[in-house]
Structures are given as C-alpha cells and as structure tokens.
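Following the numbering used here, the numbering of the sequence shown begins with 3 at its first residue and continues without gaps. Structure first, commentary second.
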Amino acid sequence: MKQLLLLLLYAGFSTQQLQSYYPKLCALTGNLPQRIQAFKSMLSHMTPSHIQQKLARLDTLNIHTIEAALHEHQIVPIMIDEPLYPPLLKEIYDPPLILFCKGRLELLQHSANSLGIVGARQHTAYTPQALEILFNSFQHFPLTIISGLAHGTDALAHHCAIRHGLSTIGVLGFGHFHHYPKDTQALRQTMEQHHLTISEYPPHTPIAKFRFPERNRMISGLSKGILITEAKEKSGALITLDQALEQNRNVYVLPGDMFNVHTKGNMLRVKEGAEIVLCAQDILKDYANLHVNAL
C-alpha cells in the first residue's frame, strides 16, 4: 500500500483526494502494477483533465527510482498505519496518509509532550522576552516544540528549544528539496541533523501560498497544545489557533493590553476558549505526564 500511495502522491494527487479514495485503495488486490491498473480503471470514468493528467503521469513513474532518491536524501516516508505515525495527528479530520520525515524519527512519538508555538513573522520584543521566560521553566521538562520554520516567531521557538536542550520538530509547507525562507535554512539543517523536519508533500513539491494553511493544520494536529505569542486581528497565526480549537487542542495565548494591535488577535481568541498564559505553569499543568528532567 505504501508504494501505491507514494506513486499517487508523486503523480500529483492531494491528501484530500487520496483520503476520499482510501477505502477503495485498501480493497485493491494483486501486485503493484495490478493495483495501479485497477486504480486507473476505477477513475477512468472521471473526465476532469487534471485527473486524467495525473493518471497519465503514473505511467512515467518508477517506484524503485522514487525509493532510491528518498534513501539517498535520508527522507523516510511514514504511512498512517505504521507504529511511528504520530497518534495525535491521526485524530484530525484529514491526516496525511504519508509523512515525509528527515531526522530523528522517534520524535514522532512525542505527541503527549508536544507544544506548538506560532505567532507573528514581524513580532515585537515581547515575543523573545516572553519565550525566554517560559523556556527557562520548559527546559526542566521533556517537551517537544513544534513550529513551521518560518521567519519570526517560528524560528525563535525552534532556536529556544535547541538552546534550552529540548527537542523540536519543523513542519514544512513544501517538499524537502525546497526551502523558504532563506534565513531559516541553516536552522533547518541543524534540525535535520539533531531534531526532525516533516512534510506531507513529496520532496519535489514546490513552494505555493495555498499550502501554508495546510501546513498549519499539521502543526496543531501534531501538538497537544498550541501557544500563540503575538497575533494581530487578521494574523495568519490565527489560522493555526482556529484549527487547534476545531481539533480540540489546548490553546494558549500571551496576554496583551487593549491598545496593542500586535496582540489583538490573542485577546479576541480568549473569548473563544483560549487560555491566557501568565507563567509556564499555566501550560505545564496540562502536561501531567511530564516528569522533571534529570539535572
């Protein structure tokens, strides 16, 4: 099944499309070529040109070439039914059927200890000051910090985790053969050596604006809780927060005053169930399974 899903992803089928086909895909029998032919027959009645183009692309793909390239670049595909697949991510409405992972795969199993951190790309001094205070307490517990390797708050969260001896996972909104933005490239390289990056997209998948909201649902889906540092009223970070609320995750926000546009989004979401964080314990109380790290 994994080989068939890999081929379909490389042919251009999206997670959402594969989710809709998944029950029928599971029912296919025979060897890989036979299952590919059965899948093509299953969709042969569909006339949209983009579907037919993807089916035609299947004929140009070689699974052994794909697997060799993944191995060469140390990218490991993890299927949704494999033990390493993150348990919390399975719970969301549309989990990726395959995750492309590079780094320490064991971090995928840290869902119960995971905290997502997102916020403004153009943050104020408030964000690094607040994160430093929080991480001074976080460092005594085996938290795994999850963010999106973007400029600003995401990069700060990853750097804080590394500096304070915590594990961190970067969720990419594109394939592993690409990177954006340039100023987090070195950080990503460090994380792939000592931590983990993941993507739901095959490595060749280019950067596109519409993929970042899809990436955001992964950040919240992987996390037991989500912390928003600074968010204006229409901040993109609030997409992640809203998805976290829909996914029944714990949602936390840093407090802001009523005149501060940089935290107006924070305070608006308090009305919807987000919890104000005044100290690290406001978050750590929801991680009852954590034990203090040995010093």
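For glycine and all other residues, C-beta sits at the position ideal for the given N, C-alpha and C.
Quick one: is residue i buried, meaning 16 or more other Cβ sit within 10 Å of its Cβ, or exposed?
{"i": "Gly-167", "result": "exposed"}
{"i": "Gly-172", "result": "buried"}
{"i": "Cys-281", "result": "exposed"}
{"i": "Tyr-87", "result": "buried"}
{"i": "Thr-186", "result": "buried"}
{"i": "Ile-119", "result": "buried"}
{"i": "Pro-215", "result": "exposed"}
{"i": "Ala-2", "result": "In the structure displayed, the chain extends from 3 to 297; residue 2 sits before or after that span and is not available."}
{"i": "Arg-165", "result": "exposed"}
{"i": "Cys-162", "result": "buried"}
{"i": "Pro-98", "result": "buried"}
{"i": "Lys-226", "result": "buried"}
{"i": "Asp-156", "result": "buried"}
{"i": "Lys-266", "result": "buried"}
{"i": "Ile-38", "result": "buried"}
{"i": "Asn-268", "result": "buried"}
{"i": "Ala-70", "result": "exposed"}
{"i": "Thr-126", "result": "exposed"}
{"i": "Pro-206", "result": "Sequence inspection shows His at residue 206; the Pro mentioned does not correspond to that position. With fewer than 16 other Cβ atoms within 10 Å, it is exposed."}
{"i": "Ala-233", "result": "buried"}
{"i": "Ser-43", "result": "exposed"}
{"i": "Glu-248", "result": "exposed"}
From residue i to residue j, what does the alpha carbon distance come to, in whole angstroms?
{"i": "Ala-296", "j": "Leu-30", "result": "Legend: pLDDT at Ala-296 = 44, less than 50; position of this residue unreliable, value from coordinates given subsequently. C-alpha separation (whole angstroms): 50 Å."}
{"i": "Ala-34", "j": "Lys-4", "result": "The question names Ala, but residue 34 in the sequence shown is Leu. Each residue's Cα considered, the two are about 10 Å apart."}
{"i": "His-153", "j": "Ile-221", "result": "15 Å"}
{"i": "Ala-300", "j": "Tyr-24", "result": "The chain is shown only over 3 to 297; residue 300 falls outside these bounds and no answer can be derived."}
{"i": "Ile-285", "j": "Leu-189", "result": "26 Å"}
{"i": "Gln-124", "j": "His-264", "result": "9 Å"}
{"i": "Ser-169", "j": "Ser-116", "result": "9 Å"}
{"i": "Ile-80", "j": "Lys-92", "result": "12 Å"}
{"i": "His-52", "j": "Phe-15", "result": "10 Å"}
{"i": "Leu-270", "j": "Leu-7", "result": "41 Å"}
{"i": "Leu-45", "j": "Val-78", "result": "29 Å"}
{"i": "Gln-245", "j": "Met-260", "result": "25 Å"}
{"i": "His-73", "j": "Thr-67", "result": "10 Å"}
{"i": "Thr-231", "j": "Asn-218", "result": "15 Å"}
{"i": "Tyr-95", "j": "Leu-243", "result": "16 Å"}
{"i": "Glu-277", "j": "Asp-288", "result": "11 Å"}
{"i": "Phe-212", "j": "Ala-40", "result": "31 Å"}
{"i": "Glu-274", "j": "Gln-21", "result": "30 Å"}
{"i": "Ala-239", "j": "Asn-262", "result": "16 Å"}
{"i": "Ile-209", "j": "Gln-18", "result": "18 Å"}
{"i": "Ile-228", "j": "Ile-82", "result": "23 Å"}
{"i": "Ala-132", "j": "Gln-283", "result": "13 Å"}
{"i": "Glu-134", "j": "His-142", "result": "13 Å"}
{"i": "Tyr-128", "j": "Gly-32", "result": "58 Å"}
{"i": "His-47", "j": "Asn-138", "result": "59 Å"}
{"i": "Gln-111", "j": "Ile-65", "result": "28 Å"}
{"i": "Pro-85", "j": "Ser-201", "result": "18 Å"}
{"i": "Ile-241", "j": "Pro-183", "result": "20 Å"}
{"i": "Glu-235", "j": "Leu-151", "result": "22 Å"}
{"i": "Arg-251", "j": "Ala-290", "result": "15 Å"}
{"i": "Gln-55", "j": "Val-272", "result": "46 Å"}
Which whole-angstrom value describes the C-beta separation of residue i and residue j, a residue pair presumed to lie in contact below a C-beta threshold of 8 Å?
{"i": "Leu-60", "j": "Ala-122", "result": "The Cβ separation is near 42 Å, so there is no contact."}
{"i": "Gly-175", "j": "Leu-90", "result": "That pair is no contact at about 19 Å."}
{"i": "Phe-102", "j": "Pro-204", "result": "7 Å"}
{"i": "Leu-9", "j": "Leu-63", "result": "5 Å"}
{"i": "Ile-100", "j": "Leu-11", "result": "6 Å"}
{"i": "His-75", "j": "His-178", "result": "7 Å"}
For residue i, write down the residues that DSSP places opposite it in a beta bridge.
{"i": "Glu-277", "result": "Tyr-254"}
{"i": "Thr-17", "result": "For Thr-17, which the question treats as bridged, DSSP gives no partner whatsoever."}
{"i": "Thr-170", "result": "Ile-147"}
{"i": "Thr-199", "result": "Lys-104, Gly-172"}
{"i": "Pro-79", "result": "Phe-102"}
{"i": "Val-272", "result": "Answer by DSSP bridge pairing: none, since Val-272 is not bridged."}
{"i": "Ser-116", "result": "Thr-146"}
{"i": "Leu-229", "result": "Ile-119, Tyr-254"}
| query | Using 8 Å as the Cβ pair cut-off and three pairs as the minimum, do the segment 196 to 204 and the segment 93 to 113 touch? | reply | With the cut-off at 8 Å, the segment 196 to 204 and the segment 93 to 113 touch.
| message | Contact between the segment 140 to 148 and the segment 250 to 257 is defined here as three or more beta-carbon pairs at a separation below 8 Å; is this criterion met? | response | When Cβ pairs closer than 8 Å are counted between the two stretches, the segment 140 to 148 is seen not to touch the segment 250 to 257, the count staying below three.
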